[in-house]
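Residue numbers (our numbering), protein chains in the order written: chain A, 1 to 139; chain B, 1001 to 1139.
Yeah, the Cβ is synthetic: ideal placement off N, Cα and C, and Gly gets one too.
As the structure is a computational prediction, the values presented were derived from the model and not from experiment.
Since the structure comes first, as structure tokens, the remarks are kept for the end.
Protein chains: 2
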Amino acid sequence: MSEIESVLKKHQIRPTAIRILVYKFLRKREVAVTLNDLEADFDRSERTTLYRTIKTFEKNGLVHQIDDGTGVSKYALDDKVAESGQPQDLHLHFHCDTCQETVCLTDHKIPHISLPPGFVSKDINLVIKGICDKCSNLE
Amino acid sequence: MSEIESVLKKHQIRPTAIRILVYKFLRKREVAVTLNDLEADFDRSERTTLYRTIKTFEKNGLVHQIDDGTGVSKYALDDKVAESGQPQDLHLHFHCDTCQETVCLTDHKIPHISLPPGFVSKDINLVIKGICDKCSNLE
DNA sequence: AAAAACATGCAATTGAAGTGCATTATTCCA
DNA sequence: TGGAATAATGCACTTCAATTGCATGTTTTT
Ligand SMILES: [Mn+2]
Ligand SMILES: [Mn+2]
Ligand SMILES: [Zn+2]
Ligand SMILES: [Zn+2]
């Protein structure tokens, strides 16, 4: 059994052909991925299947969904934890206005934010928009 | 000329009947508003007109659009600056999982966040989800 | 008053997300 | 091993917010 298959199994995901391919695709790309990105790369497969694949991955803690404000959902591997099974830490996301890519800055934890009395924080979404390292080097 | 009319004119917005009503509605509500909220309150008017009204307000700096992750856009008055004409400061938004309302926390500036080398920040969206003050008081 | 500019109403389109259901593949177990 | 049970896939269809095209109505300008 391949390493990928065992990662999927560790997350209670049956390693079908498409799932293995989607997982490989997510690994290969270092940026967050849309359903359209997947569809473009998998002529052979059906949009709905890819959709349900990624949702299965999400439900089982293998990827997390990213809302970067562009209106389309993106997904990225919880790579640091793909093996361990721990849930991915909260981190910030960066969306580049130039190349339109969104990346996880997993090493940048979200600072503590004080709220007015009575407000209880359960979850935080922090997205920074600007120019990414690749694009700023080209200026 | 009413005070409202002069606020609209200060933002180069012609004070039509609907625009005045929409502006009043935004003032009355202390939370961010969706297009559906507007439509529900304005039986007499057309969705498209309300949409274009709010977009005009936004373009002219009278309201700002809020993406709280629910999938539907919300809008709130740049009230602090409605008179001054200054652009609204960056601030965080709070979305209550209980009452589903979203509020601007205009007094809570977004802390400085350090980025890896090469990344340039132009804009920040920070949304905190949890329980708002009204809902936490009811527990 | 006529022309130009702008606002409004209604119909239609777009695009992402999600669901229903039939078909195919895999697993489970007698 | 041979099904029955369970899960995955494919295709059609729906939903919903956002947005646009165009005709009509209104206001402003000259
Ligand atoms: Mn991430
Ligand atoms: Mn706000
Ligand atoms: Zn970039
Ligand atoms: Zn609440």
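With respect to Gly1069 of chain B, Asn36 of chain A sits apart: the two C-beta atoms are not nearer than 8 Å.
Contact check for Ala1032 of chain B and Ala1076 of chain B: beta-carbon distance about 4 Å, within the 8 Å limit, so the pair qualifies. DSSP places Ile124 of chain A in the strand class (E or B) of the three-state scheme.
Ligand 3 approaches Thr98 of chain A closely enough that one of its heavy atoms is under 7 Å from the residue's Cβ.
Ile1054 of chain B carries a helical assignment under DSSP once its states are collapsed to helix, strand and coil. Sequence-distant partners of Val1072 of chain B (beyond 5 residues in either direction) whose C-beta falls short of 8 Å from its own C-beta, in its chain, are Thr1034, Leu1035 and Asn1036. Annotation for Cys1104 of chain B: the continuous beta strand (DSSP E) segment containing it runs Thr1102 to Leu1105. In the DSSP assignment, Lys1010 of chain B falls within the alpha helix (DSSP H) that extends over Glu1003 to Lys1010.
Around the CB of Asp1067 of chain B, 16 or more other CB atoms lie within 10 Å, so the residue is classed as buried. At least one heavy atom of ligand 4 is found less than 7 Å from the C-beta of Cys1132 of chain B. At a cut-off of 7 Å, the beta-carbon of Glu101 of chain A counts as near ligand 3: some heavy atom of the ligand is closer than that. With at least 16 other beta carbons inside 10 angstroms of its own, His1093 of chain B counts as buried.
When distances are taken from the beta-carbon of Cys1135 of chain B to the heavy atoms of ligand 4, the shortest one is below 7 Å. Annotated as proximal: Thr53 of chain A and Val22 of chain A, with beta-carbon spacing under 8 Å. In the DSSP annotation of this structure, the continuous segment of the beta strand (DSSP E) that includes Cys96 of chain A starts and ends at Leu92 to Cys96.
Using a cutoff of 7 Å, the CB of His91 of chain A counts as near ligand 1, since one of the ligand's heavy atoms is closer than that. For Ile1066 of chain B, the enclosing beta strand (DSSP E) has its first and last residue at Val1063 to Ile1066. Inter-residue distance for Val1103 of chain B and Val7 of chain A is about 41 Å (C-alpha atoms, whole angstroms). Beta bridge pairing from DSSP links Ile1131 of chain B with A:Val120. Apart from sequence neighbours up to five positions away, the residues of its chain that approach Ser45 of chain A with a beta-carbon distance below 7 Å are Ile18, ordered along the chain.
Chain order gives the chain A residues near Asn1125 of chain B as Gly69 and Val127, where near means a beta carbon separation below 7 Å. Judged by DSSP secondary structure, Ala32 of chain A falls outside any beta strand (DSSP E); it is assigned neither H nor E.
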